[in-house]
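Sequential numbering of the sequence shown, starting at 629, is according to our numbering.
We treat Cβ as the ideally placed atom computed from N, Cα and C, and that holds for glycine.
It should be emphasised that the depicted structure is a prediction, and the values quoted were computed from it without experimental measurement.
Reviewing the structure listed below.
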Amino acid sequence: SRPIPLRAALPAPLPILAGGFGGMEPDEKKRKREAAATVSGKDIFDSIVKNMKTVGDRGSPEVTANAAASSAVPVRCRNCPLRWAGGCRSDGPVQDLREHLLNDHKFATRNKLPMKKHFCTSSGFEGAREWGHLVTLRGRTLAYVIGYQPSVSKTHGFVSIFAMQHSDAQALGPISVSIAPVVPKDSAGVRAAQFSWSEVPHANADVEQVAGLFPIKLFSSRLAEGKPHERAVEITIQTEVS
Numbered sequence: 629s630r631p632i633p634l635r636a637a638l639p640a641p642l643p644i645l646a647g648g649f650g651g652m653e654p655d656e657k658k659r660k661r662e663a664a665a666t667v668s669g670k671d672i673f674d675s676i677v678k679n680m681k682t683v684g685d686r687g688s689p690e691v692t693a694n695a696a697a698s699s700a701v702p703v704r705c706r707n708c709p710l711r712w713a714g715g716c717r718s719d720g721p722v723q724d725l726r727e728h729l730l731n732d733h734k735f736a737t738r739n740k741l742p743m744k745k746h747f748c749t750s751s752g753f754e755g756a757r758e759w760g761h762l763v764t765l766r767g768r769t770l771a772y773v774i775g776y777q778p779s780v781s782k783t784h785g786f787v788s789i790f791a792m793q794h795s796d797a798q799a800l801g802p803i804s805v806s807i808a809p810v811v812p813k814d815s816a817g818v819r820a821a822q823f824s825w826s827e828v829p830h831a832n833a834d835v836e837q838v839a840g841l842f843p844i845k846l847f848s849s850r851l852a853e854g855k856p857h858e859r860a861v862e863i864t865i866q867t868e869v870s
């Protein structure tokens with residue numbers, strides 16, 4: 629089953645009874661109406677957390693309150709997990725990894741993992757390229773980035789995937805990535821590249837050692853689309869919980 633929508637988790641509006649609170653003085657009526665109409669932010673949050681349930685690995689209801697709470701807590705890292713890729717200016721500990729990825733690496737948020745999604749360059753491979761997204765799956769935040777960094781390799785691009793915390797990595801389980809050219813005939817005989825991890829890496833692990841490298845020949849030309857200077861690659865990422 630799917631997570632209950634947040635709208636459904638909010639407390640239902642209190643009914644307004646015809647005739648008001650009979651027998652009360654005007655000031656007392658006003659106080660009663662204000663008390664009935666006021667729902668605190670804490671009440672709303674508690675109600676949402678209480679009703680947020682998903683189906684666990686064995687089909688039984690699993691309360692995701694801990695996951696929802698942990699996703700809101702800033703994640704600290706000894707270093708940026710993408711520092712090895714050459715596109716990070718941060719030197720030293722990162723106090724809030726999510727904000728760092730969004731603000732410094734210009735990551736975007738997405739509602740789901742890419743399925744045959746096209747990632748396009750704007751001017752070939754004269755310089756570094758990086759496409760990064762944050763996706764929330766069952767209350768767990770997953771980061772993935774596809775990039776090209778000449779200082780790392782002039783012939784290969786890279787794909788790096790990691791969860792914010794170790795507990796998130798354990799909950800998300802195995803993950804796989806498939807990379808293919810948009811136009812197969814333009815890939816010089818390279819048909820596809822596939823990578824899989826038995827468990828999603830986490831941000832405080834050595835992400836560089838588990839990154840996947842793929843030939844940039846998989847980026848095919850967009851000449852047929854009238855964009856001769858652009859090249860594109862097709863990405864699919866899958867997990868057992870997506």
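Status (buried if at least 16 other CB within 10 Å, exposed otherwise) for residue i
i      : result
Gln793 : buried
Gln618 : No statement about residue 618 is possible, as the shown extent of the chain runs from 629 to 870 and does not include it.
Glu862 : buried
His746 : exposed
Gln777 : buried
Pro689 : Note on Pro689: pLDDT 41, under 50, position unreliable in the model; the coordinate value appears next. Flag for Pro689 reads exposed.
Gly767 : buried
Arg717 : exposed
Gly715 : buried
Val722 : buried
Simplified DSSP assignment, three categories, for residue i
i      : result
Glu853 : helix
Leu729 : helix
Glu858 : strand
Glu758 : strand
Pro809 : strand
Leu741 : coil
Gln866 : strand
Val722 : strand
Val763 : strand
Val677 : Residue confidence is low: Val677 scores 40 on pLDDT, short of 50, so the model does not pin down where it sits. No coordinate-derived value is stated.
For residue i, the first and last residue of its enclosing beta strand (DSSP E)
i      : result
Leu710 : That residue, Leu710, is in no beta strand (DSSP E); it is neither H nor E in DSSP.
Ala799 : Element bounds for Ala799: not the beta strand (DSSP E) but the alpha helix (DSSP H), 794-800.
Thr737 : 736-738
Arg768 : 768-776
Ile844 : Per DSSP, Ile844 belongs to no beta strand (DSSP E) and is neither H nor E.
Ala791 : 784-791
Phe753 : Neither: Phe753 is in no beta strand (DSSP E) and is coded neither H nor E.
Ala821 : 821-825
C-beta contact flag for residue i and residue j at 9 Å
i      : j      : result
Phe753 : Ile844 : yes
Cys748 : Leu725 : no
Asn739 : Thr764 : yes
Leu729 : Ala771 : yes
Val805 : Ser824 : yes
Ala713 : Val773 : yes
Thr624 : Ile807 : Residue 624 is absent from the structure shown; the chain starts at 629 and stops at 870.
Ala831 : Val703 : yes
Val835 : Leu710 : yes
Ala860 : Val810 : yes
Asn731 : Gly720 : no
Ser750 : Glu858 : yes
Span of the alpha helix (DSSP H) around residue i
i      : result
His746 : His746 -> not in any alpha helix (DSSP H); beta strand (DSSP E) instead, spanning 745-748.
Cutoff 9 Å: residue i Cβ touching any chain D Cβ
i      : result
Leu846 : The structure shown contains no chain D; it is built from a single protein chain.
* Asked: Would you call the stretch 794-802 and the stretch 748-762 in contact, with 3 or more CB pairs under 8 Å?
  -> no
* Counting pairs of beta carbons, one from the stretch 778-789 and one from the stretch 728-742, are three or more of them closer than 8 Å? -> no
* Any chance the stretch 814-821 sits against the stretch 844-854, with 3 or more Cβ pairs inside 8 Å? -> yes
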